[in-house]
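Inspection log for the structure reproduced underneath, given as C-alpha cells.
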Amino acid sequence: MTDTIQEASPSAMRFPDSVAFNGFFAPVRIEADVYDLEVEGAIPADIDGAFYRAAADTQYPPSRKEDIYINGDGMITMVRIKDGHADLRTRFVRTRRFELERAARRSLFGAYRNYFTDDPAVAGIDDGNANTAVVWHGGKLLALKEAALPYELDPVTLETRGIYDFGGQLSSRTFTAHPKIDPLTGELIAFAYNSSGRPDNEILLFDISPSGVVTRRQSFTAPYSSMMHDWLVTRDHLIFTFSPMISDYERMKTEPQYFVWDPSLRSHVAIIPRRQGVGGIRWFSAELAMETHSLNAWSEGDRVIADHFVARSGWFSQFPKTTEGILHEAPPIAHRWTFDLSEGAGAPVSDGPTYQSHRLYDCPGDMPRVDPRFLMSKNRHSWIGCLDLDLGPMPDFGPMGPPFNCLVHLDDETKQRTPFFPGPDSAPEEPVFIPKGPDAAEGEGYLISVIGRRKLNRNDIVILDALDLGAGPLATLKVPFRLRYAFHGTWVPGEELP
Ligand code: V55
Ligand code: FE
Numbered sequence: 001m002t003d004t005i006q007e008a009s010p011s012a013m014r015f016p017d018s019v020a021f022n023g024f025f026a027p028v029r030i031e032a033d034v035y036d037l038e039v040e041g042a043i044p045a046d047i048d049g050a051f052y053r054a055a056a057d058t059q060y061p062p063s064r065k066e067d068i069y070i071n072g073d074g075m076i077t078m079v080r081i082k083d084g085h086a087d088l089r090t091r092f093v094r095t096r097r098f099e100l101e102r103a104a105r106r107s108l109f110g111a112y113r114n115y116f117t118d119d120p121a122v123a124g125i126d127d128g129n130a131n132t133a134v135v136w137h138g139g140k141l142l143a144l145k146e147a148a149l150p151y152e153l154d155p156v157t158l159e160t161r162g163i164y165d166f167g168g169q170l171s172s173r174t175f176t177a178h179p180k181i182d183p184l185t186g187e188l189i190a191f192a193y194n195s196s197g198r199p200d201n202e203i204l205l206f207d208i209s210p211s212g213v214v215t216r217r218q219s220f221t222a223p224y225s226s227m228m229h230d231w232l233v234t235r236d237h238l239i240f241t242f243s244p245m246i247s248d249y250e251r252m253k254t255e256p257q258y259f260v261w262d263p264s265l266r267s268h269v270a271i272i273p274r275r276q277g278v279g280g281i282r283w284f285s286a287e288l289a290m291e292t293h294s295l296n297a298w299s300e301g302d303r304v305i306a307d308h309f310v311a312r313s314g315w316f317s318q319f320p321k322t323t324e325g326i327l328h329e330a331p332p333i334a335h336r337w338t339f340d341l342s343e344g345a346g347a348p349v350s351d352g353p354t355y356q357s358h359r360l361y362d363c364p365g366d367m368p369r370v371d372p373r374f375l376m377s378k379n380r381h382s383w384i385g386c387l388d389l390d391l392g393p394m395p396d397f398g399p400m401g402p403p404f405n406c407l408v409h410l411d412d413e414t415k416q417r418t419p420f421f422p423g424p425d426s427a428p429e430e431p432v433f434i435p436k437g438p439d440a441a442e443g444e445g446y447l448i449s450v451i452g453r454r455k456l457n458r459n460d461i462v463i464l465d466a467l468d469l470g471a472g473p474l475a476t477l478k479v480p481f482r483l484r485y486a487f488h489g490t491w492v493p494g495e496e497l498p
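See the structure below:
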C-alpha cells in the first residue's frame, strides 16, 4: 500500500486492521477510576506518591489507513499509592485536536505532523496530542509531545488545564518530550526542534528555573532537520546526537510521511558547554547511528561520558518509508560513548574527530531509567527494558521498537546485570524509579513498571526492589482491563502533590 497525500478520510467508526490498531495494541479509549486495585503481595508501606505515564490511545480511526501509533491521542494513567493501597485513574488529554475531533465524531488531523494532510476545517490549528511523556516541574504536571507545546494537567483529577507555554517565554511551537530536571538546581533543561512548526534547522535551548521562569534562551544550527527525540545533559555539557531521520518541507507537500531515513547523510554529535553556551559548541563525527533514548551522561574534565541506546538504522519503524525504499532495522543497544573535548571540531564535518564506543549490554533494549537524583553526574545504577531470548520466547512485535521480555538492572560498579523476567507472554514497559526517601542512597528504592499480559489482554503493574530485581515483585497491582502500551512516565512524591 502506498500512502498518498490525497488519500480520502474514512469516517466509519472502525479502526484499521493493522498491527498498530489490533490485538494487544488496539486502542482502549477507556477513562477509568478504579479505587483500590487488587494487590498480590504487599505494597511497601513507605511508598507515598503518584506514578504517571503517557500513552497514545487513538480516539478516532485515523483518516489515513497507514497512520502510525505515535500519532494517537494522549492518554494519561495515574496510580496513586499510599498506605499500601493503589488507586488507578486514566484520562485522555483534552487537546484542541481531541476536542475538535470529538465534536466532529471523526479524525480531522491527517498524517503525523504533516498539516498538508489535515482536513481544511482544522487548517492552522496545531496537532499537539500530548502523548509521549509526563513531567512534574514547578508544581505543574505537563504532558509532552515533541511536535507541539506541553499541556498542563491537574495532578489529582487529570483534568486538562490547557496548553502550557511557560507564560509565553518559549517563542516556540514545539518543546521536547525529554527535558531533563537538574537534580541540584531544580532547573528544567530543555530544547525544541522544528520550533517553527515545520522542518527547519534551528535548535532552541532553554534553561527554566524551578518556578518556571525561562532564564536563558539560545539557539544553534543543526546539520539538517531531523528527529531530535532524546539527548543528554551533564553538570557541564549538553549532548545532541543528530541522525539522518530527516524531514523536508517541500517533500511534505507531496508525501505524507514526515520523517525518512537517509543513510547517505552522516550522524553528528554536538557538545555544548552549559555555562559558556552555544559559543563553545564542539562537533564530533558519529558512525551512522540513531540515539533512541539516553540513560545518563557526565563530564570529567575534558571528557564527556554518554550512556545511551543507539541503533544502527532509523529504528523508529513507524516511519517505514526511507529514501532508499529499504529500512534496514537494527535494534537499539546500550552504548557508552566517551568524548575527548580537546578534539572536537568547530563545525559538523563528515570526517571530524570521533569518540570511543563500547556496548554496556548485548541484548536489544530501550526505555532506560536512572535514579533521577543522580542524573547529570556519574551514576552507578541503571534499569532498562530488554529482549533476552535466553530468558523466554520473543513476544509478538508491536508497532514500536523491540518488544521487551524483561527488565535489567545494570550495576556499573560490580558490572553485574540482573534481570527481572515477568513470565511468558508478558512484556514490561519503561521502569520508573521511586526513591525510598529524599536521603536514600543511589538506587535505594523501588521500580514500578506496567506489564502487558499479552494472553490475558490486560495489565499488571509490578513494584520491585530496584537493587534486587531477581527477587521478583514485592507487589503486583492487578489492572482489570488493558491499558494501551505507553511511552514515558514519572514519579511524584506524595508531599509534593496538592
Ligand atoms: C518518539 C515518540 C513520539 C514522537 C516522536 O519514541 C518520537 C519516539 C510518542 O511520540 O512523536
Ligand atoms: Fe522517548
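Here my numbering is used: the first residue of the sequence shown is 1, the next is one more, and so on. Backbone N, C-alpha and C define an ideal beta-carbon position, used for all residues, glycine too.
The alpha helix (DSSP H) enclosing residue i, as first and last residue numbers
| i | result |
| --- | --- |
| Y249 | Y249 to M252 |
Contact under 8 Å by Cβ, residue i with residue j
| i | j | result |
| --- | --- | --- |
| A55 | L483 | yes |
| N114 | M252 | yes |
| V214 | L170 | yes |
| V278 | F240 | no |
| L360 | C386 | no |
| G489 | V134 | yes |
| T174 | E146 | yes |
| I461 | V450 | yes |
| S225 | S195 | no |
| D200 | I189 | no |
| F92 | E31 | yes |
| L477 | V79 | yes |
| A123 | P399 | no |
| T90 | M75 | yes |
| S377 | R274 | no |
| P372 | I68 | no |
| P422 | P431 | no |
| F191 | I281 | no |
| P402 | D396 | no |
| L141 | L149 | no |
| G392 | F24 | no |
Cut-off 6 Å between Cβ atoms - residues of its own chain near residue i, not counting five sequence neighbours on either side
| i | result |
| --- | --- |
| T193 | Rather than Thr, the amino acid found at residue 193 in this sequence is Tyr. Result list for Y193: I203 and M228, in chain order. |
| G325 | Residue placement at G325 is flagged as unreliable, the pLDDT there being 47, under the threshold of 50; the coordinate-derived value follows with that caveat. Within the same chain, G325 has no close Cβ partners at all. |
| L469 | H409, T418 and F420 |
| R216 | D207 |
| D36 | H85 |
| G197 | R173 |
| P256 | D3, I5, A111, N114 and T117 |
| L88 | V34, L37 and V79 |
Proximal residues to residue i (C-beta, below 7 Å), its chain only, five neighbours per side dropped
| i | result |
| --- | --- |
| P499 | The structure shown does not extend to residue 499, since the chain is modelled only from 1 to 498, so the question has no answer here. |
| K505 | With the chain represented from 1 up to 498, any question about residue 505 goes unanswered, as that position is not in the structure. |
| S209 | E187 and T215 |
| A311 | A289, M290, T292, A330, P331 and P332 |
Identity of the residues DSSP links to residue i by a beta bridge
| i | result |
| --- | --- |
| K65 | Its beta-bridge partners do not exist; DSSP assigns none. |
| L188 | I181 and I208 |
| A306 | A297 and W337 |
| S285 | H268 |
| A345 | W283 |
| W261 | M245 |
| Y446 | I434 and D465 |
| M227 | In DSSP, M227 forms no bridge with anything. |
| M290 | A311 |
| E508 | Since the first and last residues shown for the chain are 1 and 498, residue 508 lies out of range. |
Close beta carbons around residue i, own chain, < 8 Å, minus the five adjacent residues each side
| i | result |
| --- | --- |
| M1 | Low local confidence applies: a pLDDT of 43 at M1 is under 50, so the model's placement there is unreliable, with the coordinate-based value given in what follows. So the qualifying residues of the chain are K65 and E66. |
| A45 | D83 and G84 |
| L474 | G41, A42, I43, P44, Y446, I463, L464 and D465 |
| V349 | W283 and S285 |
Terminal residues of the beta strand (DSSP E) in which residue i lies
| i | result |
| --- | --- |
| Y52 | G49 to A56 |
| Q218 | V214 to T221 |
| K455 | Looking at the DSSP string, K455 is not in any beta strand (DSSP E), and its letter there is neither H nor E. |
| A486 | A486 to P493 |
| F240 | H237 to F242 |
| E40 | E38 to G41 |
| R475 | Here the sequence assigns Ala to residue 475, which means Arg is not the residue at that position. Note, A475: beta strand (DSSP E), A475 to V479. |
| T356 | Sequence inspection shows Gln at residue 356; the Thr mentioned does not correspond to that position. First-last of the beta strand (DSSP E) with Q356: Q356 to R359. |
| P368 | G365 to V370 |
| V79 | G74 to K82 |
Near the ligand HEM: residue i beta-carbon under 7 Å from a heavy atom
| i | result |
| --- | --- |
| H293 | Although the ligand HEM was asked about, the structure shown includes only the ligand V55 and the ligand FE as ligands. |
> Whole beta strand (DSSP E) runs in the stretch 88 to 160 with 3 or more residues, listed along the chain?
Replying inline: Whole beta strand (DSSP E) segments, 3+ residues: 133 to 137, 140 to 144 and 151 to 153.
>> Which runs of the beta strand (DSSP E) at least 3 residues long sit entirely within the stretch 375 to 435? Give them in chain order.
In response: Scanning the stretch 375 to 435 from its first residue to its last, the whole beta strand (DSSP E) runs of 3-plus residues come out as 381 to 386, 406 to 411, 417 to 420, 426 to 428 and 432 to 435.
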